[in-house]
Structure formats: C-alpha cells, structure tokens
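*Asks:* Structure below; questions to follow.
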Amino acid sequence: MSTATSNEIDGFEERLRQRAAAKANPLDTVPVQADHQPRGVIPNTPLSVSLISFLLGSLFAFGLLLFATDGFGRYWWSTRQLGFFLAAWSAFHWGEFAVTAGWNREKCSVDSFLLENGALYHVAHSVALSEYLITLYFKPEWKHHHYVSTAGIVLTVVGQALRSIAMIHAGTNFSHVLAFRKAQGHVLVTDGIYQWFRHPSYAGFFYWALGTQLVLQNPVSFVFFAAVLWRFFYRRIRAEEAYLIRFFGDDYRSYKRSVGTKIPFIF
1 MSTATSNEID GFEERLRQRA AAKANPLDTV PVQADHQPRG VIPNTPLSVS
51 LISFLLGSLF AFGLLLFATD GFGRYWWSTR QLGFFLAAWS AFHWGEFAVT
101 AGWNREKCSV DSFLLENGAL YHVAHSVALS EYLITLYFKP EWKHHHYVST
151 AGIVLTVVGQ ALRSIAMIHA GTNFSHVLAF RKAQGHVLVT DGIYQWFRHP
201 SYAGFFYWAL GTQLVLQNPV SFVFFAAVLW RFFYRRIRAE EAYLIRFFGD
251 DYRSYKRSVG TKIPFIF
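Residue 1 is where the sequence shown starts when you use this note's numbering, and the numbers rise one by one after that.
Structure representation (structure tokens):
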C-alpha cells in the first residue's frame with residue numbers, strides 16, 4: 001500500500017472519529033474504528049449490554065453465595081469450588097467490557113464482553129464443568145484436596161488482575177482484535193506492567209484459565225487448557241509481533257529481546 005493511500009485512510013478514520021465524537025451519546029456502544037465493529041450475533045445495543053451485565057452480575061452473585069456458604073450443604077453439586085468458578089467466569093467477561101468501556105471506549109461494543117469468543121472456548125468450559133460434576137458425583141473424594149483449590153484461587157485472582165491492569169495501562173493502545181496496520185496515535189507501551197511482561201494480557205488470561213481448573217481440581221481439563229491455550233498464544237504472539245516489528249521496527253526488536261512473555265516456552 002502506498003504512503004499516500006495510507007495517509008488517506010488515516011485521514012478518513014480521523015474524520016470518522018471526529019464525527020462520532022461530535023454526536024456520541026454516553027450510552028452508545030458503537031466503535032469508532034471500522035476494524036472493531038461488532039461481528040457477533042448479539043445485537044450491539046444498550047439494551048443488550050444492560051441485559052448481559054444483569055445476567056453476568058446475577059451469576060456472579062450466585063457463585064459468590066455458593067463460595068461463601070458452600071451451598072449451605074444442601075445439594076451435592078453446590079460447592080465452594082463451583083461457586084468460585086462461576087463467579088470468576090462471570091467477573092472475567094463483565095470485566096472485559098467494563099475495562100474497555102472505561103479506558104478504551106472508542107473500541108467498545110457488545111463484543112467486548114468476549115462472549116462470542118469462538119466455539120472452542122465454550123466447548124472447553126463445558127468440558128471442564130462436565131469433568132467437575134461427573135467426578136464430584138461419582139468420586140467426591142477426588143475433589144477434597146483443598147490446597148490445590150487454594151492455589152487455583154490465588155492463580156485465578158493474579159491472572160485476572162494482571163490482564164485487567166494491562167488493559168487499563170495500555171488504554172487505547174490495547175485491542176481485542178489483531179491490528180494489521182498501525183492506527184493513528186498507536187504507541188509502543190513498554191512501561192508499567194509492560195516492563196515485566198511483554199504480553200501481560202495474554203499471560204493473565206493463560207494463568208487465569210489454568211487457575212480455574214486448579215480450583216475445580218480437573219486434571220484432564222487442566223492439561224487440555226494448558227495445551228490449547230499455549231498453542232493459541234504461541235501462534236497469536238508470533239503473528240502479532242510480526243506486525244509490531246513492522247510498526248515500530250528496532251524499538252520493538254529491542255523490547256522483545258529484553259522482556260519475556262512469562263508464558264512457558266514462548267520467548
């Protein structure tokens with residue numbers, strides 16, 4: 001693409017941003033950039049956002065109640081482990097939208113909940129829940145290693161905090177969508193949490209997901225999650241960094257040499 005064409009596109013996007021800012025309503029969930037327009041089946045409306053937030057909040061409250069009371073010991077499935085998992089899952093998805101709305105609004109839409117995150121994502125969590133409930137029903141003694149669940153809670157909370165802090169610190173430089181060209185105003189973030197993690201949002205999600213499986217004491221799903229997520233992030237980071245080198249050149253090469261991802265075997 002020629003420099004002139006690139007400048008024309010950037011100028012067009014800037015005019016779109018100015019036009020959107022001039023008539024933006026605080027309840028709008030329409031991203032300014034075309035690359036971030038919602039692509040899922042959930043309608044991108046304030047009604048959808050409020051309904052999803054209500055449902056996620058209700059699930060979070062239910063999970064927190066199970067976690068705090070151990071389900072009052074009433075049912076075989078109402079455990080602290082399941083309660084924490086439900087609360088962590090709903091908090092993650094609500095948090096993705098909330099952080100995007102608060103610190104990266106020009107890219108915010110109903111897709112920011114990440115509820116339409118691919119079929120494999122939902123299959124993985126369905127398998128995890130099935131493994132937990134089937135094992136709990138037939139072999140409840142296998143779920144009584146409390147130190148494993150405690151370690152999982154710590155890992156989940158740390159992973160969530162790492163991801164949210166990374167998104168907040170990067171601000172408008174963060175994107176749920178892989179960027180194929182450098183947008184106007186896009187800068188290389190290397191301070192804050194990015195001094196220690198090259199891709200802190202990816203590392204955060206990686207450890208958050210593994211932590212949830214430790215909480216549930218799911219050995220099969222733990223291995224499955226680790227393998228699938230490692231493969232996904234290995235490919236995603238390689239693709240993303242090819243563009244970051246194109247955008248920032250030697251600055252990114254130097255940053256890459258000095259800061260690791262902190263995801264095992266992804267250098």
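From the three backbone atoms N, C-alpha and C, an ideal C-beta is built for every residue, glycine too.
Could you check whether the region 49-60 touches the region 99-115, counting it as contact only if at least three pairs of C-beta atoms, one from each stretch, sit closer than 8 Å?
*Replies:* As far as the Cβ criterion goes, the region 49-60 touches the region 99-115, which means the pair count is three or higher.
*Asks:* Could you compute how far the alpha carbon of residue 225 sits from the alpha carbon of residue 135?
*Replies:* To locate residue 225, count along the sequence shown from 1; it is residue 225. To locate residue 135, count along the sequence shown from 1; it is residue 135. Approximately 18 Å, taken between the alpha carbons.
*Asks:* Determine the burial state of residue 132: buried for a count of at least 16 other Cβ atoms within 10 Å of its Cβ, exposed for fewer.
*Replies:* In the sequence shown, the residue the question calls residue 132 occupies position 132. Classification of residue 132: buried, given that the 10 Å Cβ count is 16 or more.
*Asks:* Give the C-beta separation of residue 155 and residue 214 to the nearest angstrom, bearing in mind that I take them to be a contact with Cβ-Cβ under 8 Å.
*Replies:* Within the sequence shown, the letter at position 155 stands for residue 155. Within the sequence shown, the letter at position 214 stands for residue 214. About 6 Å separates the two Cβ atoms, so the contact holds.
*Asks:* Compare the beta carbon distance of residue 66 and residue 79 with 8 Å and say whether it is the shorter of the two.
*Replies:* Locating residue 66 in the sequence shown gives position 66, where the first residue counts as 1. Locating residue 79 in the sequence shown gives position 79, where the first residue counts as 1. Yes, the pair counts as a contact, with Cβ atoms nearer than the cut-off.
*Asks:* Tell me the rounded alpha-carbon separation between residue 192 and residue 109.
*Replies:* Mapped onto the sequence shown, residue 192 falls at position 192. Mapped onto the sequence shown, residue 109 falls at position 109. Between residue 192 and residue 109, the C-alpha separation is close to 26 Å.
*Asks:* Find the nearest neighbour of residue 195 within the set 182, 235, 68 and 166, judged by alpha-carbon distance.
*Replies:* Indexing the sequence shown from 1 puts residue 195 at position 195. Residue 166 is the option with its Cα nearest to residue 195.
*Asks:* Are the CB atoms of residue 127 and residue 217 nearer to each other than 8 Å?
*Replies:* The sequence position of residue 127 within the sequence shown is 127, counting from 1. The sequence position of residue 217 within the sequence shown is 217, counting from 1. Contact flag unset, no.
*Asks:* For residue 209, I'd like the list of residues in its chain whose CB is within less than 8 Å of its CB, leaving aside the five on either flank, ordered along the chain.
*Replies:* Within the sequence shown, numbered from 1, the residue matching residue 209 stands at position 209. Closer than 8 Å at the Cβ level, and outside the excluded window around residue 209, lie 159, 225 and 229.
*Asks:* Mind checking residue 81: buried by the 16 CB within 10 Å criterion, or exposed?
*Replies:* Your numbering for residue 81 matches position 81 in the sequence shown. Counting Cβ neighbours within 10 Å, residue 81 comes out buried, since at least 16 surround it.
*Asks:* Contact defined as beta carbons within less than 8 Å: I believe residue 84 pairs with residue 153. What is the distance between those atoms, to the nearest angstrom?
*Replies:* Locating residue 84 in the sequence shown gives position 84, counting from the first residue. Locating residue 153 in the sequence shown gives position 153, counting from the first residue. Yes, they are in contact, since the Cβ atoms of residue 84 and residue 153 sit about 6 Å apart, within 8 Å.
*Asks:* Does the distance from the C-beta atom of residue 164 to that of residue 211 stay below 8 Å?
*Replies:* Translated into positions along the sequence shown, residue 164 becomes position 164. Translated into positions along the sequence shown, residue 211 becomes position 211. Their beta carbons are not under 8 Å apart, which means residue 164 does not touch residue 211 by this criterion.
*Asks:* So for residue 22, helix, strand or coil by DSSP?
*Replies:* As a first step, residue 22 is located in the sequence shown; it is residue number 22 there, counting from the start. Residue placement at residue 22 cannot be trusted, given a pLDDT of 47 that sits under 50; what the coordinates show is reported in the next sentence. Three-state result, residue 22: helix.
*Asks:* Any idea if residue 227 is buried or exposed, counting beta-carbon neighbours within 10 angstroms, 16 or more meaning buried?
*Replies:* Counting from one through the sequence shown, the residue named residue 227 turns up at place 227. Classification of residue 227: exposed, given that the 10 Å Cβ count is below 16.
*Asks:* List the whole-angstrom C-beta distance separating residue 199 from residue 237, where the pair is believed to meet the contact cut-off of C-beta under 8 Å.
*Replies:* Along the sequence shown, read from residue 1 onward, the residue named residue 199 stands at position 199. Along the sequence shown, read from residue 1 onward, the residue named residue 237 stands at position 237. Right, the Cβ-Cβ distance comes to about 6 Å (below 8 Å), so this counts as a contact.
*Asks:* Considering only residues of the same chain and omitting the five flanking positions on each side of residue 103, which have a CB-CB separation below 6 Å?
*Replies:* Here the question's residue 103 lines up with position 103 in the sequence shown. Taken in chain order, the residues that qualify are 168 and 171.
*Asks:* What are the boundary residues of the alpha helix (DSSP H) that residue 43 is part of?
*Replies:* The residue labelled residue 43 in the question sits at position 43 within the sequence shown. Here residue 43 belongs to no alpha helix (DSSP H), and DSSP marks it neither H nor E.
*Asks:* Determine the direct distance from the alpha carbon of residue 98 to that of residue 47, and round the result to whole angstroms.
*Replies:* Locating residue 47 in the sequence shown gives position 47, where the first residue counts as 1. Locating residue 98 in the sequence shown gives position 98, where the first residue counts as 1. Answer to the nearest angstrom: the Cα atoms are 15 Å apart.
*Asks:* Would the beta-carbon of residue 178 be found less than 7 Å away from any heavy atom of the ligand GDP?
*Replies:* What this structure holds is no ligand at all, so the ligand GDP is not there to describe.
*Asks:* Find out if the Cβ-Cβ distance for the pair residue 37, residue 43 is shorter than 8 Å.
*Replies:* Position 37 of the sequence shown holds residue 37. Position 43 of the sequence shown holds residue 43. No, they are not a contact pair.
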